[in-house]
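To start, the structure itself, in structure tokens.
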Amino acid sequence: MKNMLNIILTLTIIFIGLIKISISSDSGSSENGIYFYTYDTICEFTNSIRDDDQYELYYVQAPLMYAIYGDLFEKINAYHSGVGFYNLNGGPNISIDYFAGPTLEDALIPQNITKDSQGNYNLTWNTYGLIEVTNYINETYWSKRELIMYGLTGLQVKQYLSWAPIYNQTHPVYNLFSIASADASGSGDNGYLETILHNLGIGGGGGGSGSENLIVYQNSSTCDDFVWASFNTIYQLGGTLVGMQSNPPKDQITLFTTDEPTIVDYNNITQRNQLASFYINLMGIANKNESALQIFQELISLFNGTFYCYIDGVYYELHLSKPTPISFTYQPSPMPTGQRNSNSIETLNNCYSKSSTDNQSFFNRFSKIQIIFISIAIGFGVVIILYISIGIMVNKSRGKSGTNLIPNKKLWTSIGSKFKRDNNKNNYKPLLYNENTIQ
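Residue numbers (mature numbering (1 follows the signal peptide of the UniProt record, and there is no 0)): -24 to -1, 1 to 415.
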């Protein structure tokens, strides 16, 4: 019941209509050196990454709707999440996340509901899910960070970023809810998270207690789902998981239904008008001159009956479970395990080059210690050249010629004689030990 109250409280604030903003990850612009790349421009960014740079991967989180409410939603474990790559070689760090556009509210209710001349309704939506990459990690915004993997190369990061557009193309709409069956006990709350992740190919096995009775009809498509898909992708590409005492926590909102959701025929005027009535009531809750408590109570009743979900252009009718119609959890979630298969990761063709270091400056190819030794060697060579050049000019002014122009000729000759081979001596032969030579 506590989980249900948490999610209803979250939705109460959403439907009051106070969040007409995007929940994208960072704030910044190209003017201060911060650049934003979406799925269709990521390839412009990948070739700025050096193949041999070393990275660590972090799970980063920010309180939901931080720009308006600060850390308020942190109190109920409601977070926006992403992935952060920290460059260990001094290059730019990288953050990437998946968010609802234009706003989170637009993923829940239609943009417009209009009525035609015959009194029939039409619903239009403006919602999408968008991946955003930034060459910067805003540590004020991403207030929670947890190390997940290490030993990543720049090449693996580029391969991952080339996978991200494929993910966005297959997840074009932000879907807040998973839809699952209620289990045999009617609670619908046991093992569903493990089952969902297992269906996505993440985690070592099936669900926990009760999952054998659970059917997942529809997976969500949220920021956390993108993060866990990212963990799996990086793992398949060769990332090394750190030793964690427990798996990182994941937000999950699930609607539990008593039977399989049915697709609503939008072309059926009767069914379309029922859809419109549902969403009009939903939006009307926020427009009523009522207290937050009254809105809260109306939303509770809303989640105890017939419910409609709009997912990627399709409407679904759900009959929600009475004991537990909805669940909002924030709990440890399985990480990828088992044998890796980098060939299972689909990437965008021609999105990155494996030889980007050819386009880097000379010194960017070496570590700091190597640069120090190279600098010393170059400096020593310059000193020798100057010494010989000045010495030749001085000796020439003294009337010397030929090899006598070389400064300190006797010194250089004696050094050279140390390495001169004596042709009168036998060549070195290794001493072979046998019974006669060993006394």
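Even glycine gets a Cβ: it sits at the ideal position worked out from N, Cα and C.
Can you give me the C-alpha to C-alpha distance between residue i and residue j, rounded to a whole angstrom?
| i | j | result |
| --- | --- | --- |
| SER57 | ILE360 | 58 angstroms |
| GLN247 | TYR292 | 11 angstroms |
| ASP235 | GLY219 | 41 angstroms |
| ALA252 | LEU231 | 20 angstroms |
| GLN250 | GLU274 | 19 angstroms |
| ASP165 | ASN223 | Since pLDDT at ASP165 reaches only 43, below the 50 mark, its modelled position is unreliable, and the value read off the structure follows with that caveat. Whole-angstrom Cα-Cα distance: 19 angstroms. |
| GLY314 | TYR126 | 17 angstroms |
| PRO39 | VAL59 | 15 angstroms |
| GLU20 | ASP27 | 15 angstroms |
| TYR35 | ILE245 | 46 angstroms |
| TYR136 | LEU217 | 16 angstroms |
| ASN243 | LYS91 | 15 angstroms |
| LYS226 | LEU152 | 13 angstroms |
| HIS147 | LEU106 | 9 angstroms |
| TYR13 | LYS134 | 14 angstroms |
| LYS386 | MET369 | 18 angstroms |
| ILE256 | ILE229 | 23 angstroms |
| SER(-1) | THR110 | Bear in mind that the predicted position of SER(-1) carries a pLDDT of just 36, short of 50, making it too unreliable to give a figure here. |
| GLY281 | PRO301 | 8 angstroms |
| LEU258 | PHE283 | 10 angstroms |
| PHE304 | LEU99 | 28 angstroms |
| GLY378 | LYS372 | 9 angstroms |
Give the range of the beta strand (DSSP E) segment to which residue i is assigned.
| i | result |
| --- | --- |
| LYS91 | 88 to 91 |
| ILE382 | Careful: ILE382 lies outside any beta strand (DSSP E) and carries neither H nor E. |
| THR22 | Where THR22 is concerned, there is no enclosing beta strand (DSSP E), although the alpha helix (DSSP H) it sits in stretches over 18 to 22. |
| PHE304 | 302 to 308 |
| GLU108 | 104 to 110 |
| LEU99 | 97 to 100 |
| GLN228 | 225 to 233 |
| GLY194 | One detail in the question is off: residue 194 reads as Gln in this sequence, not Gly. From DSSP, the beta strand (DSSP E) with GLN194 extends over 192 to 194. |
| CYS285 | 282 to 287 |
| LEU294 | 290 to 295 |
| VAL59 | 55 to 63 |
| ASP73 | 70 to 77 |
Mind checking which residues open and close the alpha helix (DSSP H) that includes residue i?
| i | result |
| --- | --- |
| PHE202 | 199 to 212 |
Could you check how far apart the C-beta atoms of residue i and residue j are, in whole angstroms? I think they sit under 8 angstroms.
| i | j | result |
| --- | --- | --- |
| TYR193 | ALA140 | Actually they do not touch by this definition, with Cβ atoms about 27 angstroms apart. |
| ILE210 | LEU33 | 6 angstroms |
| ASN23 | SER329 | 6 angstroms |
| ASP241 | VAL149 | About 20 angstroms separates the two Cβ atoms, so there is no contact after all. |
| TYR15 | ASN208 | No, TYR15 and ASN208 are not in contact; Cβ-Cβ is about 18 angstroms, not under 8 angstroms. |
| CYS327 | SER138 | 4 angstroms |
| ASN53 | TYR306 | 4 angstroms |
Residue i bridges to which residues according to DSSP?
| i | result |
| --- | --- |
| LEU128 | TYR31 |
| THR146 | According to DSSP, THR146 bridges with nothing at all. |
| LEU40 | The partner list for LEU40 (beta bridge, DSSP) is empty, contrary to what the question assumes. |
| TYR13 | VAL109 |
| GLU274 | Partner(s): none; GLU274 has no beta bridge. |
| ALA156 | VAL192, PHE232 |
| ILE354 | Its beta-bridge partners do not exist; DSSP assigns none. |
| GLU122 | TYR35 |
| THR116 | Per DSSP, none; premise fails for THR116. |
| ASN151 | SER197 |
| THR216 | TYR126 |
| ILE239 | TYR292 |
Checking contacts by CB at 9 angstroms: is residue i closer than that to chain B?
| i | result |
| --- | --- |
| ASP82 | Checking the listed chains, one finds no chain B in this structure; it contains a single protein chain. |
At a cut-off of 8 angstroms, is residue i close to the ligand COA when judged by its beta-carbon and the heavy atoms of the ligand?
| i | result |
| --- | --- |
| TRP101 | The ligand COA is not among the ligands present in this structure, which contains no ligands whatsoever. |
(request) For the segment 62 to 79 and the segment 196 to 216, state whether three or more C-beta atom pairs, one from each stretch, are separated by less than 8 angstroms. (result) Yes, the segment 62 to 79 is in contact with the segment 196 to 216.
(message) Does the structure place the segment 126 to 137 close enough to the segment 20 to 40 that three or more beta carbon pairs sit under 8 angstroms?
(response) With the cut-off at 8 angstroms, the segment 20 to 40 and the segment 126 to 137 touch.
(request) Could you say if the segment 94 to 105 and the segment 294 to 301 meet the contact criterion of at least three C-beta pairs nearer than 8 angstroms? (result) They do not touch, by the three-pair rule.
(message) Counting beta carbon pairs with one atom in the segment 310 to 327 and one in the segment 104 to 117, are three or more of them shorter than 8 angstroms?
(response) No: fewer than three Cβ pairs fall under 8 angstroms.
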